[in-house]
Amino acid sequence: MMQWIAAGDGINMNYRFSQPGRTERNRQDHLFVEGVFPFANVTTTDPFTGKTDGRYARCEATGTCPLGAEIYSANEYWVKAASLLHTTPDGRMDLPDSPYARNYFISSHQHGTGNATSKGNCQQFLNPLNSAPVQRALFLALDDWTNGTPPPASRVPKLADGTLVAPPATRADGTYVGIPGVTYTGLKTTRYLFNYGPGFYETGIATINPPVITPPYEDNPLNGPIYPSFVPKTDSDGNDIAGVRLPDVTVPLATYTGWALRAGPQANDGCEGSGQYIPFESTEAERAASDDPRPSVEARYPSFAAYSSAVNRAIDGLVKDRLMLCEDADGEQTRLLQAGLDAGVPAPHGNLPPQSTPPLCHSGKK
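The sequence shown runs 23 to 388 under the working numbering.
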């Protein structure tokens, strides 16, 4: 069983008058039943109700659990409280893996893949990161697991090592990591235990619907007990540190975020499932002129050889960890080398050098 962009969230199903097509974002459908305990595959105890349960509790009791790969984006942390998939519901500790499931966070990814040439109704260009090569590799790893070969280890941010944190405080200048013209508000979905009336969580029958809400909506204990949730820590560029880092993030030409803000009349409200793509300046002169604190492409990659070597190392690392297939490696290498040239990496003398197959692929291992 492979799930993409679900994480610690649920679905509005098996309740009276359910609407399974509903899905919450920062500003929509929060009062429909969706994010309900248990959030994790392993068994935990709800700090507010005292209930003990886990997503795999029933199948563990009957010995019928499927093997699962939970794959999800950074957007789920900001919009759907994804950290509850792998922390205790009180937000105090990281959880171990279920024997039957692994969790893979795709760093800096939006909810799906965006169009980097369009802003839609958001303030910045949409996030173009594409996790398909990683998903393909994990699909085969999941199949291998059924034949006795364990899958790659889970990759998620953690409280213990400081890569899972509360949203950073807003800066005095209102920007995201100091990037001029890029606004950051810290908006994050609040996961409440809503009051739908007595016995609702046992019977699925709501007698208070919708739940009573007191403004402001976010982080307001008057709206119900709050399950603490966290977001991935970022590096100085604003890219996520933990998780499965695509080569675009390991060898960056831009800042990629899993969250975005709306433009227009609803400016600075959440832009739902979208993320952001904020390219680096090509040269140091351009960086200085724009007052961008992030090093330029020119400063990061002084030669084509430096950039291409970094790209090859990033791809080979994913292949080694069974997070990219050899048949995808060449295509990713070609795409990334061209992206570097388009962004201002110095061109090599003459034609592009021939592709160098990652060492593990060259040796016949996958």
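Even glycine gets a Cβ: it sits at the ideal position worked out from N, Cα and C. Since the model is a prediction, treat every value here as computed from it, not as a measurement.
Asked	Found
Sheet register partners of glutamine 355 (DSSP bridge)	DSSP output for glutamine 355 lists no bridge partner at all.
DSSP three-state assignment for leucine 164, whether helix, strand or coil	helix
Coil, strand or helix - serine 40 by DSSP	coil
According to DSSP, residues forming a beta bridge with asparagine 125	Glu92
Outcome for arginine 38 when other beta-carbon atoms lying within 10 angstroms are tallied against a minimum of 16	exposed
6 Å CB neighbourhood of histidine 108 in its chain, flanking five on each side removed	Leu117, Asn125 and Val178
Burial state of histidine 371 (16 or more Cβ within 10 Å)	exposed
Residue range of the unbroken beta strand (DSSP E) whose run includes tryptophan 100	First-last for tryptophan 100: 97-101, but that is the alpha helix (DSSP H), not the beta strand (DSSP E).
Spatially closest choice to isoleucine 248 from Thr71, Leu164 and Asn36, by CA coordinates	Thr71
CB of glutamine 146 within 8 Å of CB of alanine 282, strictly	yes
Helix, strand or coil at arginine 344 according to DSSP, with G and I counted as helix	coil
Cysteine 383 classed as buried or exposed, judged by whether at least 16 other C-beta atoms fall within 10 angstroms	buried
Beta-carbon proximity check, glycine 208 vs proline 189, cutoff 8 Å	yes
Beta-carbon proximity check, proline 269 vs valine 367, cutoff 8 Å	no
N-terminal and C-terminal residue of the beta strand (DSSP E) that valine 271 is part of	No beta strand (DSSP E) contains valine 271, which is instead part of the alpha helix (DSSP H) from 269-272.
Proline 121 classed as buried or exposed, judged by whether at least 16 other C-beta atoms fall within 10 angstroms	exposed
Cβ contact (3+ pairs, closer than 8 Å) linking the stretch 200-220 and the stretch 241-261	yes
Cβ neighbours of aspartate 291 in the same chain (closer than 6 Å, five flanking residues each side left out)	Arg49 and Arg284
Proximal residues to isoleucine 128 (C-beta, below 8 Å), its chain only, five neighbours per side dropped	Ile93, Tyr94, Ser95, Ala96, Leu151, Ser153, Val156, Gly265, Val266 and Leu268
The stretch 159-166 contacting the stretch 328-347, beta-carbon criterion three pairs below 8 Å	yes
Residue from Ala182, Lys210, Tyr329 and Ser331 whose Cα sits closest to the Cα of glycine 280	Lys210
Cβ-based burial, valine 234 [other Cβ within 10 Å; buried from 16]	exposed
Collapsed DSSP secondary structure at glutamine 50 in the structure displayed	strand
Any alpha helix (DSSP H) of 4 or more consecutive residues that is wholly inside the stretch 56-94	79-84
Where the beta strand (DSSP E) containing valine 204 begins and where it ends	201-205
Inter-residue spacing [alpha-carbon to alpha-carbon] between phenylalanine 222 and leucine 106	22 Å
For isoleucine 337 and glutamine 360, believed in contact at Cβ under 8 Å, the rounded distance	Contact flag wrong, Cβ pair sits at about 14 Å.
Among Ala365, Ala289 and Ser330, the one whose alpha carbon lies nearest that of isoleucine 300	Ala365
Cutoff 6 Å; reference isoleucine 227; Cβ partners in own chain excluding five residues on either side	Arg38
Any alpha helix (DSSP H) of 4 or more consecutive residues that is wholly inside the stretch 256-339	269-272, 306-312 and 319-322
Bridge partner(s) assigned by DSSP for leucine 107	In DSSP, leucine 107 forms no bridge with anything.
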